[in-house]
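Chemist: Please read through the structure below; I'll follow up with questions.
Number of protein chains: 4
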Amino acid sequence: MRVAVIGGSTVSDEQYRQARDVGRLLGKRGHEVVCGGLGGVMEAVCAGAREAGGHTIGVLPNADRKRANDYVDTAIATGMGSARNVLVVMNGDAVIAVDGSTGTLSELGHALDMDRPVAGLGTHSLEGITHVDSAEAAVDHVESAVQ
Amino acid sequence: MRVAVIGGSTVSDEQYRQARDVGRLLGKRGHEVVCGGLGGVMEAVCAGAREAGGHTIGVLPNADRKRANDYVDTAIATGMGSARNVLVVMNGDAVIAVDGSTGTLSELGHALDMDRPVAGLGTHSLEGITHVDSAEAAVDHVESAVQ
Amino acid sequence: MRVAVIGGSTVSDEQYRQARDVGRLLGKRGHEVVCGGLGGVMEAVCAGAREAGGHTIGVLPNADRKRANDYVDTAIATGMGSARNVLVVMNGDAVIAVDGSTGTLSELGHALDMDRPVAGLGTHSLEGITHVDSAEAAVDHVESAVQ
Amino acid sequence: MRVAVIGGSTVSDEQYRQARDVGRLLGKRGHEVVCGGLGGVMEAVCAGAREAGGHTIGVLPNADRKRANDYVDTAIATGMGSARNVLVVMNGDAVIAVDGSTGTLSELGHALDMDRPVAGLGTHSLEGITHVDSAEAAVDHVESAVQ
Chain A
1 MRVAVIGGST VSDEQYRQAR DVGRLLGKRG HEVVCGGLGG VMEAVCAGAR
51 EAGGHTIGVL PNADRKRAND YVDTAIATGM GSARNVLVVM NGDAVIAVDG
101 STGTLSELGH ALDMDRPVAG LGTHSLEGIT HVDSAEAAVD HVESAVQ
Chain B
1001 MRVAVIGGST VSDEQYRQAR DVGRLLGKRG HEVVCGGLGG VMEAVCAGAR
1051 EAGGHTIGVL PNADRKRAND YVDTAIATGM GSARNVLVVM NGDAVIAVDG
1101 STGTLSELGH ALDMDRPVAG LGTHSLEGIT HVDSAEAAVD HVESAVQ
Chain C
2001 MRVAVIGGST VSDEQYRQAR DVGRLLGKRG HEVVCGGLGG VMEAVCAGAR
2051 EAGGHTIGVL PNADRKRAND YVDTAIATGM GSARNVLVVM NGDAVIAVDG
2101 STGTLSELGH ALDMDRPVAG LGTHSLEGIT HVDSAEAAVD HVESAVQ
Chain D
3001 MRVAVIGGST VSDEQYRQAR DVGRLLGKRG HEVVCGGLGG VMEAVCAGAR
3051 EAGGHTIGVL PNADRKRAND YVDTAIATGM GSARNVLVVM NGDAVIAVDG
3101 STGTLSELGH ALDMDRPVAG LGTHSLEGIT HVDSAEAAVD HVESAVQ
């Protein structure tokens, strides 16, 4: 399947590691990653996924796809600013959120609105999100939620 | 100023009344209303604003602007589905949320992400929202927050 | 009805006058104007419509609605760059094009794609556009085409 | 590089073959293909590119990425209707148009507006497009135009 991974564009080392672990596991288990294509959690998950041979997609707010982080395989420019947040979650079968601020909150709202299963790692506490405490538990959750 | 009013498309009678009061006060105090243009809170706030002589704008998810509720003065079709949620909050100087489910949650995320002051009436409990308990307190809050 | 008026953001004096005449006639005959909200033809048509007491809507590429020209009554920010071109024509029942370059060409394509009647004043020569030679003929055409 | 291939969703056998040849050549020469992800020219170019081992991206008007044709490797759902036309051309370094009606016309307008080099095979006759008469000439043109 394809998993949307969302989260802060500036993160602590610990969160970066966690997001990278999420990417590594997704790649290893044969899942594609879609994210917002920029830094922080977005970069970490792409770096991890690529390490494990997975395919990474970055849906950018910018009109120039060259602005993607170095670990995005398929960059999609939108030039739509934060309206691209909708596209990030629309393009995953499920969502994993790592940390994250207000942008991530908007994505969580859209994810729940589109009935996507969501696993949360230290992210906003919202009804409808399954909070877990490890990268592996996050990937396990979305795998079991999508058949 | 222009105030974005967001909230559920299906609401209780009590919430409908409250949203209508919000609209009435905004209209009376010379503010424009922008909303998602459909039913529930969106209809109620437009009905109230129009009653008070205010101008109402509805930014629709549909490609056909005729789908707006009867109290929208200026309907804007987008054909963009829930990506229009971004445009609703972008087009207000401040936001008032009445009740609301996951769609409203996504709008609150975008509102906070765009640094809009937000007053909440029985809506999601999130950091950054000023929770109030009357239509008047909501309008007072956004008035004081925007200069 | 509501008429989308499209055209160049930099125009000659003659084209500015023509677009202003289009706006004046639309306003006088009770039609709303929707346009891209910026300069050139967009400004001229809004200036003319407002002079005649008409309502003008500007759908902007920017995320800040304050960027609209001085004659826009209802500014809609989109933050979507040229994807807003689609919204300009979607929000008119018919289209009048005055001059215009590649942006206008994209709008003409969308207008024809959405089956909008189009009157052209010195604009791109395309199948499906009715070319006319005065502001009055343009307004007459869209009036007769929409019932 | 990445080439946006645009054109009609219903095409003749001859046009289908031509679009497939375009895809085959792009794949063979190591270029990615991005298109609108649906039928006709979009399907043909993806089929050809995949045959040659190329990577194909489909940017869909639908909110469900499963609606992509069978030869799309990376489907991107948008739920934005024809506003996705902008994203198709934005995501190519150059554009090849095969035949095509009004939707293609809007894409050509956006392509010229974004200064993308465009090769045309039996498509709209517009200033700024280099008209060629074979798939090979089209691919040669975009290769020489992008460095």
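These protein sequence lines are chains A, B, C and D, in that order.
Once you know that position 106 of the first sequence is 106 in our numbering, the rest is easy, because the numbers rise by one and skip nothing.
Counting the second sequence from 1 gives a position; our numbering is that position plus 1000.
Counting the third sequence from 1 gives a position; our numbering is that position plus 2000.
Counting the fourth sequence from 1 gives a position; our numbering is that position plus 3000.
We treat Cβ as the ideally placed atom computed from N, Cα and C, and that holds for glycine.
Since the model is a prediction, treat every value here as computed from it, not as a measurement.
1. Put HIS2141 of chain C into one of helix, strand or coil per three-state DSSP.
2. In chain order, what residues of the same chain lie with their CB nearer than 6 Å to the CB of GLY1040 of chain B, ignoring the 5 residues before and after it?
3. Among A:ASP73, A:VAL139, A:MET114, which residue has its Cα nearest to the Cα of GLY54 of chain A?
4. Starting from ARG2002 of chain C, trace the beta strand (DSSP E) both ways and give me its first and last residue.
5. Measure the C-alpha to C-alpha separation of GLY128 of chain A and ALA2119 of chain C and round it to an integer number of angstroms.
6. Along chain D, in chain order, which residues have C-beta atoms closer than 9 Å to that of GLY1109 of chain B?
7. With 9 Å set as the bound, which would you pick, yes or no: does the beta-carbon of GLY3103 of chain D sit closer than that to a beta-carbon of chain B?
8. Just the chain B side, please: which residues come within less than 7 Å of GLY2079 of chain C by C-beta, in chain order?
9. For VAL142 of chain A, I'd like the list of residues in its chain whose CB is within less than 7 Å of its CB, leaving aside the five on either flank, ordered along the chain.
10. Please classify GLY23 of chain A as buried or exposed, where buried requires at least 16 other C-beta atoms within 10 Å of its C-beta.
11. Use the C-beta contact count for GLY100 of chain A: other C-beta atoms within 10 angstroms, 16 or more gives buried, fewer gives exposed.
12. Chain D beta carbons: is any one of them nearer than 9 Å to that of SER2009 of chain C?
13. Determine the extent of the beta strand (DSSP E) in which THR3130 of chain D is found, giving its start and end residues.
14. With three or more beta-carbon pairs closer than 8 Å as the criterion, would you say the region 58-66 of chain A touches the region 27-40 of chain A?
15. When the distance is taken between beta carbons, is SER2106 of chain C closer than 9 Å to VAL3086 of chain D?
16. Return the CA-CA distance between ALA49 of chain A and GLY27 of chain A, expressed in angstroms with no decimal places.
17. Expressed to the nearest angstrom, what Euclidean distance is found between the alpha-carbon atoms of MET1114 of chain B and LYS2066 of chain C?
18. Does any residue of chain A bring its CB to less than 9 Å from the CB of MET1114 of chain B?
19. Can a CB atom of chain B be found closer than 9 Å to the CB of VAL59 of chain A?
20. On a CA-only basis, which of D:ARG3020, D:ALA3068, D:ASP3064, D:LEU3121 is nearest VAL3098 of chain D? Give me that one, please.
21. VAL3086 of chain D CB to nearest chain A CB: under 9 Å?
22. If the cut-off is 8 Å on Cβ atoms, which residues from the region 40-68 of chain A count as contacting chain C, listed in chain order?
23. Could you tell me whether the Cβ of ALA1083 of chain B comes closer than 9 Å to any Cβ of chain D?
24. Any beta carbon from chain A within less than 9 Å of GLY1120 of chain B's own beta carbon?
25. Using alpha carbons as the reference points, say which of A:SER144, A:CYS46, A:ASP64, A:HIS31 lies closest to MET1 of chain A.
26. Beta-carbon separation of GLY79 of chain A and SER2082 of chain C under 9 Å?
27. Quick one, which of B:HIS1131, B:ASN1091, B:GLY1103, B:TYR1016 has its alpha-carbon nearest CYS1046 of chain B's?
28. Which residue comes first and which comes last in the beta strand (DSSP E) that contains LEU2121 of chain C?
29. Quick one: is THR130 of chain A near chain D, going by C-beta distance under 9 Å?
30. Can the beta-carbon of GLY1092 of chain B be found less than 9 Å from the beta-carbon of VAL1005 of chain B?
31. Using a Cβ-Cβ distance under 9 Å, would THR1123 of chain B count as near chain C?
Modeler: Once the coordinates are examined:
1. Walking along the third sequence from the start, residue 2141 of chain C turns up at place 141. Correct three-state label for HIS2141 of chain C: helix.
2. Taking the first residue of the second sequence as 1, we reach residue 1040 of chain B at position 40. Closer than 6 Å at the Cβ level, and outside the excluded window around GLY1040 of chain B, lie GLY1008, SER1009, THR1010, VAL1011.
3. Here residue 54 of chain A is taken as the residue at index 54 of the first sequence, counted from 1. Residue nearest to GLY54 of chain A within the set A:ASP73, A:VAL139, A:MET114 is A:ASP73 (criterion: CA-CA distance).
4. Within the third sequence, numbered from 1, the residue matching residue 2002 of chain C stands at position 2. Per DSSP, ARG2002 of chain C belongs to the beta strand (DSSP E) from 2002-2007.
5. Translated into the one-based positions of the first sequence, residue 128 of chain A becomes position 128. Translated into the one-based positions of the third sequence, residue 2119 of chain C becomes position 119. Rounded to the nearest angstrom, the two C-alpha atoms are 51 Å apart.
6. Looking up residue 1109 of chain B in the second sequence gives position 109. Those do not exist, as GLY1109 of chain B stays about 18 Å from chain D at its closest Cβ, beyond 9 Å.
7. Walking along the fourth sequence from the start, residue 3103 of chain D turns up at place 103. Under the 9 Å criterion on CB atoms, GLY3103 of chain D is classed as non-interfacial with respect to chain B.
8. As a position in the third sequence, residue 2079 of chain C is number 79, starting the count at 1. The answer, in chain order, is MET1090.
9. Start at 1 with the first residue of the first sequence, and residue 142 of chain A comes out as number 142. Cβ within range, chain order: VAL3, ALA94, ILE96, PRO117, ALA119.
10. Looking up residue 23 of chain A in the first sequence gives position 23. Taking all protein chains in view, the Cβ of GLY23 of chain A is crowded by 16 or more other Cβ atoms within 10 Å, so the residue is classified as buried.
11. Within the first sequence, the letter at position 100 stands for residue 100 of chain A. By the neighbour-count criterion, in which a residue is buried when 16 or more other Cβ atoms sit within 10 angstroms of its Cβ, GLY100 of chain A is buried.
12. Against the third sequence, residue 2009 of chain C aligns to sequence position 9. SER2009 of chain C has a beta carbon lying at 9 Å or more from every beta carbon in chain D.
13. Locating residue 3130 of chain D in the fourth sequence gives position 130, where the first residue counts as 1. The continuous beta strand (DSSP E) containing THR3130 of chain D extends over residues 3129-3131.
14. Enough Cβ pairs lie closer than 8 Å, so yes.
15. Indexing the fourth sequence from 1 puts residue 3086 of chain D at position 86. Indexing the third sequence from 1 puts residue 2106 of chain C at position 106. Less than 9 Å separates the beta-carbon of VAL3086 of chain D from that of SER2106 of chain C.
16. Residue numbering aside, residue 49 of chain A sits at position 49 when the first sequence is read from its first letter. Residue numbering aside, residue 27 of chain A sits at position 27 when the first sequence is read from its first letter. So the alpha carbons of these two residues sit roughly 5 Å apart.
17. In the second sequence, the residue the question calls residue 1114 of chain B occupies position 114. In the third sequence, the residue the question calls residue 2066 of chain C occupies position 66. For MET1114 of chain B and LYS2066 of chain C, the gap between their C-alpha atoms comes out near 15 Å.
18. On the second sequence, position 114 is the one that residue 1114 of chain B refers to. Cβ-Cβ to chain A under 9 Å: yes for MET1114 of chain B.
19. Start at 1 with the first residue of the first sequence, and residue 59 of chain A comes out as number 59. Judged by the 9 Å Cβ criterion, VAL59 of chain A is not in contact with chain B.
20. Mapped onto the fourth sequence, residue 3098 of chain D falls at position 98. When only C-alpha atoms are compared, the closest one is D:LEU3121.
21. In the fourth sequence, counting from the first residue as 1, residue 3086 of chain D sits at position 86. Interface with chain A (9 Å Cβ-Cβ cutoff): VAL3086 of chain D is included.
22. Listed by position, the residues of the region 40-68 of chain A near chain C (Cβ gap below 8 Å) are ALA63.
23. One-based indexing of the second sequence puts residue 1083 of chain B at position 83. ALA1083 of chain B counts as touching chain D.
24. In the second sequence, residue 1120 of chain B corresponds to position 120, counting from 1. Output row for GLY1120 of chain B: interface = no.
25. Indexing the first sequence from 1 puts residue 1 of chain A at position 1. Measuring from the Cα of MET1 of chain A, the nearest candidate turns out to be A:HIS31.
26. Locating residue 79 of chain A in the first sequence gives position 79, where the first residue counts as 1. Locating residue 2082 of chain C in the third sequence gives position 82, where the first residue counts as 1. Against a cut-off of 9 Å, the Cβ pair of SER2082 of chain C and GLY79 of chain A comes out as a contact.
27. Within the second sequence, numbered from 1, the residue matching residue 1046 of chain B stands at position 46. Distance from the Cα of CYS1046 of chain B is smallest, within the candidate group B:HIS1131, B:ASN1091, B:GLY1103, B:TYR1016, for B:TYR1016.
28. The sequence position of residue 2121 of chain C within the third sequence is 121, counting from 1. Element bounds for LEU2121 of chain C: 2118-2121.
29. Taking the first sequence and counting its residues from 1, the one referred to as residue 130 of chain A is at position 130. Not closer than 9 Å to any Cβ of chain D, the Cβ of THR130 of chain A fails to qualify, so no.
30. For the purposes of this step, residue 1092 of chain B is identified with residue 92 of the second sequence, where counting begins at 1. For the purposes of this step, residue 1005 of chain B is identified with residue 5 of the second sequence, where counting begins at 1. Yes, they are a contact pair.
31. Looking up residue 1123 of chain B in the second sequence gives position 123. Cβ-Cβ to chain C under 9 Å: no for THR1123 of chain B.
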